[in-house]
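Note that full-length UniProt numbering numbers the sequence shown so that position 18 is 18, with each residue one more than the last.
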Amino acid sequence: MESHAVRVIEILDVTHDVKCFRLEKPDGYTFVPGQATEITLSIPGWEEERRPFTFTALNEAPYLEFTIKGYPEHDGVTKRLHELRPGDTLNIHDVWGAITYQGPGYFIAGGAGITPFIAILRQLYRDQKISDNYLFFSNKTAADIIYESELTRMLGKNVCYTLTKEKKEGFDSRKIDANYLREQIKDFSKHFYVCGPDQMVKDISAALEELGATTDAVVFEK
């Protein structure tokens with residue numbers, strides 16, 4: 001199995017608990033927006049702890065980028081990742097398919113579930129093909145929204161943010177469920193891209209089927 005030791009070039013704060021990691025890009029290493037790889041730490045005792053992360057920069061970038069939420073309450077891989085510094089080394093592995101863009105439609109994300117969509121939306125924006133796509137993005141609070149300003153710049157009126165644990169002017173406060181989708185979506189024949197907590201994905205997939213979306217038009221991370 002392919003493995004590359006790569007150095008951390010830069011670490012940027014995205015939100016209070018999300019960081020952007022930019023890593024060296026091995027020669028010839030390519031991917032399609034929405035694809036992922038597994039990362040392992042170069043720390044004794046952690047070398048076999050593989051975790052999947054989606055690329056968030058475009059393939060043409062001179063570096064690899066991952067946008068990762070940390071969970072400091074758990075002594076796990078993401079906590080250790082958030083303790084890294086530029087110059088530290090990680091191992092990346094084979095590229096594999098996660099969520100792939102199949103045509104214009106609706107992106108539905110919960111929290112860190114936005115990450116498989118970031119490179120896809122950036123690519124569509126760069127190619128001037130984003131106009132017929134929509135994003136519904138659920139978070140607990142406004143402070144949790146990953147890349148809010150960039151998503152708003154790219155999508156304009158086609159992005160809706162909803163907060164489940166905070167009421168704030170300018171934001172929706174409803175749960176994304178069948179009633180929400182029925183009100184917000186006019187065309188259930190389009191593609192749907194869903195990523196978030198397991199129960200959210202399960203519930204939304206069932207709601208979309210109930211509302212008339214065909215099973216093969218609903219794309220979710222497996």
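Ideal placement from N, C-alpha and C gives every residue a C-beta, glycine not left out. Quantities reported herein were computed from a predicted structural model and do not represent experimental measurements.
At a Cβ-Cβ threshold of 8 Å, isoleucine 145 and tyrosine 161 count as neighbours.
Contact annotation: the region 152 to 171 does not touch the region 55 to 74, with fewer than three C-beta pairs closer than 8 Å.
Around the beta-carbon of leucine 41, 16 or more other beta-carbon atoms lie within 10 Å, marking it buried. Counting only the Cα atoms, alanine 143 lies some 12 Å from serine 149.
Residue pairing of aspartate 13 in beta bridges, as defined by DSSP: Lys19. The residue from Leu208, His4, Asp94 with its alpha-carbon nearest to that of tyrosine 180 is Leu208.
Cβ neighbours of glycine 105 within its own chain (closer than 6 Å, five residues either side excluded): Lys190, His191, Phe192. Nearest in C-alpha terms to leucine 121, of all of Glu2, Thr215, Phe55, Thr15, is Phe55. Secondary structure note for alanine 206: its alpha helix (DSSP H) is the uninterrupted segment 198 to 210. Measuring C-alpha to C-alpha distances from valine 32 to each of Glu83, Ala112, Leu90, Gln123 identifies Gln123 as the nearest. For valine 77, the enclosing alpha helix (DSSP H) starts and ends at 77 to 81. Bounds of the beta strand (DSSP E) holding leucine 90 are 89 to 96. Here lysine 19 is near histidine 82, since their CB atoms are less than 8 Å apart. Looking at the DSSP output, histidine 191 sits in a beta bridge with Gly105. The DSSP-derived three-state label of aspartate 172 is strand.
Taking threonine 37 as the centre and dropping the five residues before and after it, the same chain places the C-beta of Ile92, His93, Val95 closer than 6 Å to its C-beta, in chain order. For threonine 115 and valine 6, the gap between their C-alpha atoms comes out near 21 Å.
If you check the CB distance, aspartate 17 and lysine 69 come in under 8 Å. Counting only residues of its own chain and dropping the five nearest sequence neighbours on each side, threonine 67 has a CB closer than 7 Å to the CB of Val14, Val18, Cys20, Thr56, Thr115, Ile118, Ile146.
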